[in-house]
Every structure is written in C-alpha cells, then in structure tokens.
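Just so we're aligned: 406 in my numbering is position 406 of the sequence shown, and the numbers increase by one with no gaps anywhere.
Using N, Cα and C, we set each Cβ at its ideal position, and we do this for glycine too.
A short worksheet on the structure shown next.
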Amino acid sequence: MNLKIYNSLSGEKETFKPIHEKNVGMYVCGPTVYSNVHLGNVRTFMSFDFIYRALTFLGYKVRYVRNITDAGHLTDDGDVDNDRFVKQSRLEKLEPMEIVQKYTVDFHKVLDTFNLLPPTIEPTATGHILEQIELAQKLIKSGFAYESNGSVYFDVLEYNKRGLNYGELSRRNIDELFANTRDLDGQNEKKNPQDFALWKSASPAHLMRWNSPWGEGFPGWHLECTAMSTKYLGENFDIHGGGMDLKFPHHECEVAQGKACNGTTPVNYWMHANMLTMNGQRMSKSTGNYILPMELVSGNNDFFEKPFHPAIVRFNFMQAHYRSVLDISNEAMVASEKGYQRLMEAVKVVSGFTFQLSGSSSFDLKSWKEKCYDALTDDFNSPILISHLFEAVNFIFKLKDGKETITSEDLQELKKLMHDFVFEVLGLQNIEENNNEKLDQALQVLIELRNQARKSKNFELSDQIRDRLLAEGIELKDGRDGTTYSLS
Ligand code: AMP
Ligand code: ZN
C-alpha cells in the first residue's frame, strides 16, 4: 500500500511512513469549550474522523488523541482578564468549570449525532497543568523562555538565533512578522511582540488559576497541545491535524516549543482541514455567519428550507475533499439528499439481492476496488471515492433490471465493499434502519407503560394506550410470551 498524505510542512503530497510500522499516532486540536460548536467546527472534526476511519480501514492501529481546551490564555485583544471561559461564566452566571462541562457535553452530543467516533484519548488542558509548568521550566532553563512579571514567554528571537526557523510551517518570514506585528497583549512584559505566552499571571479577578513557580496563573493555549501530544504520543509522532486557521500562530508555536524542548521536530505530517463557508463567507461565531449543527438538523434556522438528517449533512461534507473549501447551501443540501438516497437504495438492493447469478460478471470488480483504494490512499480523497461508489450504484440498479450479470463470488465481495466504504469509512448512517430501531424502542416503552397501568388496575389508561396506537395503525397483541405489535 502506498498511502500519500499532503504535508503542510513540505507543501507536498508525501508517501506516508509511520514511525512504528502499522501503528499511527495522531493528535488533533480539540474544541475550546466555552460555547456551542458551530457547523464549521463540526466539518473539521468530521474531516479527521474520516481520516481516522480510513487509516483504521487501511490496517493501521491508530492512537487518536483529541484534546479539550478547557483553560488557557486565548485572547489576542490585550485584555488578560478577558479569558473566554471567565467571560462566558459571568455572562451565564455559572462557574467557569460549569461552562466547561456544559459545552463539553454539547460537543460530545453533536459529534455523536453526526456519527463521529470518539478519539482513543481525550485529555483536558486543566488535567495537564503540571506537565505544562514542567515544559515552561524546561524552556526557561534552556534559555528559550523568560519570566516577566509572573508570566512566562517564549523567546522567538532567541529561537531563531540558534538556527531554528520560526515560521517554517506557515512559511512566514520572521523579519516581516517582527515588522508587521502590533500586539498589545503583554507589550510591557515581552521582549518582542512575537513572543508568545507559555504561562500567564492571573490578576485578582481571574477565576481560573493555579499555583506555579511564578505565582498564581494559568497556562498558554499553545503549550497545552505540546504537553498533551508529548505525553501520549511522544516527542516525535506521526500526524498532527487541525483546521487551516490554526496553522499560525497555534501550530507554528507548537513546532517551536517541540523543537526547543526536545531538540526534534514534534510532528512528521502536519494536516490541515479547510474551512466551511456559508454564502461564500467563512463560518464563524464572531461575524455572526454561522449555524449551529442542531439548527440544521431540526430545521429551526433562517438559512435552509427544511431540516436535514445528520447522515445527509455528513454525506454533503464527504462530497468535498478535506483540503477544499466547502460552501454549504440549500441547493447543495437538496442535491446531497438525492444522492444519499440513491446510494442507500443501492446498498439495500445489493444486500438483499435475490436475482439470477451468472457464470461471469459484466463489472470489473477488481479494477473498481483498486480505484476505490487509490482514492482513499491519495490523500484521503473522499469525493473521488464517492464517484467510484456511484459507478457501482449504477451497475447495481442495472443488475436489478437484468441488464448486467454478476457471479456469486463477486456479489459477496461487492456487498462487503459497499458496506465497508459507505458505513465504516465514510461513516454514513442508514436513516431507515435507524428510524425503525427508534420506533421499536418507543413502542417497547409504551408496552411497558401499558403493562404497568394494567398491573395497577388502571384499565382506562391501558385501553387508551391500546386504542390510540390502533388508531395510528399499530396493533398490540397480548400473547403467552408478552405483548407484541404489528404495523399496518
Ligand atoms: P476552536 O474551538 O475555535 O478552537 O475550533 C475548533 C476547530 O474548528 C479548529 O480546528 C478550527 O480550525 C475549526 N474551525 C473553525 N471555524 C471553522 C470553519 N468555518 N470551517 C471549518 N473548520 C473551522
Ligand atoms: Zn492545539
């Protein structure tokens, strides 16, 4: 297998060589849990969910670490007290950790709705304060960082003086960076405006604070990812992912911290997922151009004509390559809905195929399978994979109409491949199956409630449940083994 991955560090597609054969270490920057994730955030996490699924499908054992940013110096407006968690906790009149809990729960619920698999490790910034303090101490000791007024900053100029190249990931020239930066944040404390905080001293009003060798404070955002990726994946690991907008300064700072701390480049393959736009503009909370994932699913929004099932949203996202910008619109969603239904119908037809089998196949399954694998191994090209799936879809419908032939062996393999690509790799869900399952669960609840009513001799209620279900075309039948139902 020759897996090619586009590496943001080199700007080229490279052959993927994991550090330990068959094992992959992957770190993806997680959400900052001070508000609900928007649909754009979901796209980035879904891109890496697809990559995780594809790597697993291709036979790798993946240790997938995605953190939760539940503390950290994140502001760039110069106001140290303007911590997003603290600000939100004042707004909602909750403890900062209640804010963290509320939006972590929301994040998990949303990702579950869109059928994203959980990472294998999900560490939190607040759970790794000690590791971050240790890294900052190490950097001070080796001369890459300095303390100032209870805060600790990374010395970018010193890093460059030692022949290390700040700006290598985002391809920024350090001199230009120095000339163009007007960073107010910590201006009286920093040697240079490009220096970034590893630790920030907390003012008396700051609620989230920890003891440190430099007094009470809180960690810098960039350091958190270096601390957790090093702890769980090592000083040098295979893949680091995140949205395109994190390349600078966040990931650039991670490269610098890793190299300065450990003398080795932390990451072999940097992967950046592209943005979701709506009406041609990047989705973002700050501009107001955003939709919450559940608003799209419920239909409760001003942008879309109707609600869309999460599986259709997922199909729409998968129709774009993870490195391309994707614009979401009503027309695109309607088209995806049609495509999704046709794909699911074909999966259903091929799974239940009971037609005449033949001594030969009119479909070149071997080369089709190769093309699907080629798409997957060519930098995880989901739209090309989907276009190949639709070649098979067309074949399946013709097969059903008796216009094509297939051998028993090929049929078995086609069934399995369609199932694997659609459900395991693309992570699509079958709406119909899901709905049936839910209906069954709901009816079991009603049957149980009716039994309870009968036990307590509330026959009025038990009859009412039976009659009203009957009126909806659902007949309950009481037998020796309990109550069953049939749908008319
Ligand atoms: P945040 O919680 O702000 O750190 O964002 C979580 C993830 O969502 C990051 O990887 C961002 O790069 C990503 N992200 C933010 N806006 C968008 C967008 N419009 N489209 C795709 N990904 C985004
Ligand atoms: Zn990060």
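Boundaries (first-last residue) of the alpha helix (DSSP H) holding residue i
i                 : result
arginine 63       : Per DSSP, arginine 63 belongs to no alpha helix (DSSP H); it is in the beta strand (DSSP E), 61 to 66.
phenylalanine 107 : 96 to 113
isoleucine 133    : 129 to 141
lysine 259        : 252 to 262
proline 293       : 293 to 298
phenylalanine 390 : 382 to 400
phenylalanine 315 : 310 to 318
Residue i Cβ short of 7 Å to ligand 1 heavy atom set
i              : result
asparagine 41  : yes
aspartate 70   : no
aspartate 245  : yes
cysteine 225   : no
serine 284     : yes
proline 31     : yes
methionine 271 : no
leucine 233    : no
methionine 275 : yes
Continuous beta strand (DSSP E) stretch holding residue i: start and end
i                 : result
threonine 483     : 482 to 487
lysine 87         : No beta strand (DSSP E) holds lysine 87; the alpha helix (DSSP H) holding it covers 84 to 92.
serine 35         : Note, serine 35: premise wrong, no beta strand (DSSP E); not H, not E.
tyrosine 505      : Nothing about residue 505 can be read from this structure; the chain reaches only from 1 to 488.
glutamate 147     : 145 to 148
phenylalanine 237 : 237 to 243
tryptophan 199    : 196 to 201
methionine 26     : 23 to 28
proline 219       : 217 to 219
lysine 13         : 12 to 15
lysine 477        : 474 to 479
Reduced DSSP secondary structure (H/G/I, E/B, other) of residue i
i              : result
glycine 78     : Low per-residue confidence applies at glycine 78: pLDDT is 47, beneath 50, and the placement is therefore not dependable enough to give any value.
isoleucine 406 : coil
aspartate 364  : coil
histidine 272  : strand
glutamate 176  : helix
asparagine 7   : strand
isoleucine 121 : strand
methionine 278 : strand
asparagine 458 : coil
threonine 287  : coil
valine 325     : coil
Rounded distance between the beta-carbons of residue j and residue i, thought under 8 Å
i             : j              : result
proline 293   : valine 42      : 5 Å
proline 219   : isoleucine 129 : 6 Å
leucine 223   : glutamine 194  : Going by Cβ atoms, the distance from leucine 223 to glutamine 194 rounds to 16 Å, so no, they are not a contact pair.
threonine 483 : isoleucine 431 : Rounded, the Cβ-Cβ distance is 28 Å, inconsistent with contact.
tyrosine 27   : histidine 240  : 5 Å
serine 324    : lysine 247     : Not confirmed; about 16 Å, so no contact.
Minimum C-alpha distance to residue i - residue among the options
i                 : options                           : result
glutamate 413     : Lys13, Ile51, Asp364 and Thr56    : Asp364
asparagine 36     : Leu376, Ser329, Ser229 and Ser284 : Ser284
phenylalanine 57  : Leu469, Asn23, Thr69 and Arg66    : Asn23
valine 267        : Pro96, Glu252 and Lys457          : Glu252
aspartate 238     : Phe315, Ala227 and His20          : His20
phenylalanine 317 : Phe50, Thr15, Leu3 and Glu12      : Phe50
serine 3          : Ala471, Leu470 and Leu376         : The amino acid occupying residue 3 in the given sequence is leucine; serine does not appear at that position. Looking at the Cα atoms, Leu376 is the closest of the given residues.
Any non-hydrogen atom of ligand 2 closer than 7 Å to residue i Cβ
i             : result
glycine 288   : no
glycine 242   : yes
histidine 38  : no
cysteine 261  : no
histidine 250 : yes
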